[in-house]
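Counting the sequence shown from 1 gives a position; the numbering used here is that position plus 438.
Let me begin by presenting the structure, written as structure tokens, before commenting on it.
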Amino acid sequence: MIPVMSEHGGETVSAEHARRSRLYDYLDPPGPGRPEQAEGAARGKREFAVLLGEFRRTAVLVPVDEDGAPLTADFGGVRWFYAFSDEGALARFALARGEGAREWVFQRWLGARLLDAAVPAVGVPCGVALDCADGEGGMLFPPVRGVVPDAVAVDVDGGTGDVR
439 MIPVMSEHGG ETVSAEHARR SRLYDYLDPP GPGRPEQAEG AARGKREFAV LLGEFRRTAV
499 LVPVDEDGAP LTADFGGVRW FYAFSDEGAL ARFALARGEG AREWVFQRWL GARLLDAAVP
559 AVGVPCGVAL DCADGEGGML FPPVRGVVPD AVAVDVDGGT GDVR
């Protein structure tokens, strides 16, 4: 069973059923004596850096609630802003939630605004879930060094999180 994100909560999955995030491939240091792992990690970091740069320069759709606050979900000890690359991705998300009939109000924000301004304003570990209804076509931008400001990155001393 795949966990489902929901506003301010989500289902939990046992460790043996949880899938390992591809983000660990970018963050884990390679083991000693395994050059192919080092090459793969370096390639993964470059690919992620390209995707991150593109996201930062792109206006994305951010659904908002009736008060104009961005919709978020808490999952895995992290609050995630929902963001979508286009109206089709937002529609797939709405249908996956069984809420395709209601009107979805959204704002257009630059990815950089989400990562550099909105994430730090939350006050808890926070990242961005892009196109989260699209399975492997989606992307997570977690609250780690190089993605969000160091002051709120969970992998930097002094960040808002306690995850290492």
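C-beta atoms are modelled at their ideal positions from N, C-alpha and C, and glycine is treated no differently.
{"query": "Alanine 557 and valine 586 closer than 8 Å at C-beta", "result": "Here residue 557 turns out to be valine, not alanine, going by the sequence shown. Taking 8 Å as the Cβ cut-off, valine 557 and valine 586 qualify as a contacting pair."}
{"query": "CB of phenylalanine 513 within 8 Å of CB of leucine 568, strictly", "result": "no"}
{"query": "Every unbroken beta strand (DSSP E) inside the region 547-595 [3 residues or more]", "result": "564-568, 577-579"}
{"query": "Terminal residues of the alpha helix (DSSP H) in which proline 501 lies", "result": "Proline 501 -> not in any alpha helix (DSSP H); beta strand (DSSP E) instead, spanning 497-501."}
{"query": "Local conformation of valine 516 per DSSP, three classes", "result": "strand"}
{"query": "Burial state of arginine 530, where buried means 16 or more other Cβ atoms lie within 10 Å", "result": "buried"}
{"query": "Whether valine 500 touches alanine 534 by CB criterion (8 Å)", "result": "no"}
{"query": "Beta-bridge pairing of glutamine 545 - partner residues as DSSP gives them", "result": "Val500"}
{"query": "Cβ-Cβ distance between phenylalanine 519 and leucine 490 below 8 Å", "result": "no"}
{"query": "Boundaries of the alpha helix (DSSP H) in which glycine 526 is found, first to last residue", "result": "525-534"}
{"query": "Residues of its chain near proline 508, where Cβ-Cβ distance is below 6 Å and the 5 sequence neighbours each way are ignored", "result": "Val500, Val502, Phe519"}
{"query": "Contacting residues, own chain, Cβ-Cβ under 8 Å from tyrosine 462 (five flanking each side not counted)", "result": "Residue confidence is low: tyrosine 462 scores 48 on pLDDT, short of 50, so the model does not pin down where it sits. Its coordinate-derived value is still stated next. Same-chain partners within the cutoff: there are none."}
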